[in-house]
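Numbering (my numbering), first residue to last: 4 to 253.
Beta carbons: idealized from backbone N, C-alpha and C, even for Gly.
Being a predicted model, the structure only gives us computed values, none of them experimental.
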Ligand SMILES: NC(=O)c1ccc[n+]([C@@H]2O[C@H](COP(=O)([O-])OP(=O)(O)OC[C@H]3O[C@@H](n4cnc5c(N)ncnc54)[C@H](O)[C@@H]3O)[C@@H](O)[C@H]2O)c1
């Protein structure tokens, strides 16, 4: 039986149709939250919303939105506040990768632009569109009015020359979250998590690196940290970057 500390609170998850976003939608809903999930993949988004509602009984609202487009993000935030009474927690998670291997000297301009606009600009646009309303919210027995959790990657710390643009976006996400924490204190906390990245197996093999905890991280490993960062147990933690990387982060 999980503690329902998100009862009466709303959550917004970007990239909520699959992966970590979907796992977090289940976890937040199980803790009592009504959840808006946004994604560009409409079919998968609808399917995820139905599955999470059926399993948890919570209101799960799918909204199709490209986080890299400011007009869509503003409309999405407006709709979110029509659907939910509040947004207590944002999981800024939507992200894409690019093909592994192209060095910074061989990367094409359109690849650079696309990944910057989704992974970095997208997180900024969503946080920016949300922060004024989030700051104005009040909750009983809570000194905070909201929580923002940004998804980075181990590639944002251990820079990877074969994932140059991705690494730059993720180091940018870490900076973004720290700046949000400074700007929004004391009302809103901002946390960052980074975990073993998509191409971890290839990277580890190439670099002959061993994960100290001897396994690749799972969706559940990440969701557990995101739930902690949204919970009453972490109200004095802000602007911190926490690695879910089996001991691999430098
Ligand atoms: N999988 C990993 O090993 C790993 C490691 C470190 C960090 N991450 C980060 O975790 C996050 C989620 O990754 P995942 O592994 O769950 O991947 P995923 O592909 O399963 O989920 C990402 C979701 O984001 C959506 N999305 C893509 N572009 C979008 C846009 N412009 N607007 C809205 N939604 C969009 C996708 O449709 C997808 O549903 C990403 O930010 C990724 O960089 C993943």
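Selected residue, minimal CA-CA separation from residue i, among the options
i           : options               : result
residue 95  : 161, 168, 42 and 212  : 42
residue 242 : 204, 219 and 189      : 189
residue 171 : 147, 187 and 115      : 115
residue 136 : 127, 125, 144 and 148 : 148
residue 236 : 81, 192 and 65        : 192
residue 245 : 216, 181, 210 and 186 : 181
residue 103 : 209, 218 and 155      : 209
residue 232 : 207, 153, 66 and 212  : 153
residue 44  : 98, 211 and 212       : 98
residue 8   : 35, 46 and 229        : 35
residue 156 : 167, 150 and 146      : 167
residue 74  : 64, 125 and 101       : 125
residue 12  : 140, 217 and 178      : 140
residue 117 : 76, 72 and 151        : 72
residue 229 : 165, 76 and 150       : 150
Residue i - DSSP class collapsed to helix/strand/coil
i           : result
residue 56  : helix
residue 153 : strand
residue 164 : coil
residue 212 : coil
residue 15  : strand
residue 40  : strand
residue 252 : coil
residue 174 : helix
residue 70  : coil
residue 5   : coil
residue 193 : strand
residue 243 : strand
With 16 other Cβ atoms within 10 Å as the buried cut-off, status of residue i
i           : result
residue 85  : exposed
residue 10  : exposed
residue 205 : exposed
residue 68  : buried
residue 239 : exposed
residue 163 : buried
residue 260 : Here the chain has residues from 4 to 253 only, and residue 260 is not among them.
residue 250 : exposed
residue 215 : exposed
residue 23  : buried
residue 224 : buried
residue 107 : exposed
residue 146 : exposed
residue 113 : exposed
residue 218 : exposed
residue 33  : buried
Beta-carbon gap between residue i and residue j smaller than 8 Å
i           : j           : result
residue 56  : residue 29  : no
residue 26  : residue 247 : no
residue 175 : residue 110 : no
residue 31  : residue 39  : no
residue 5   : residue 70  : no
residue 80  : residue 132 : yes
residue 14  : residue 90  : yes
residue 48  : residue 20  : yes
residue 66  : residue 83  : yes
residue 161 : residue 252 : yes
residue 138 : residue 187 : yes
residue 121 : residue 169 : no
residue 127 : residue 179 : yes
Neighbour flag for residue i against chain C, beta carbons, 8 Å
i           : result
residue 107 : In the structure shown, chain C cannot be found, because there is only a single protein chain.
At which residue ranges does the segment 79 to 150 contain complete beta strand (DSSP E) runs of 3 or more residues, listed in the order of the chain? 92 to 95
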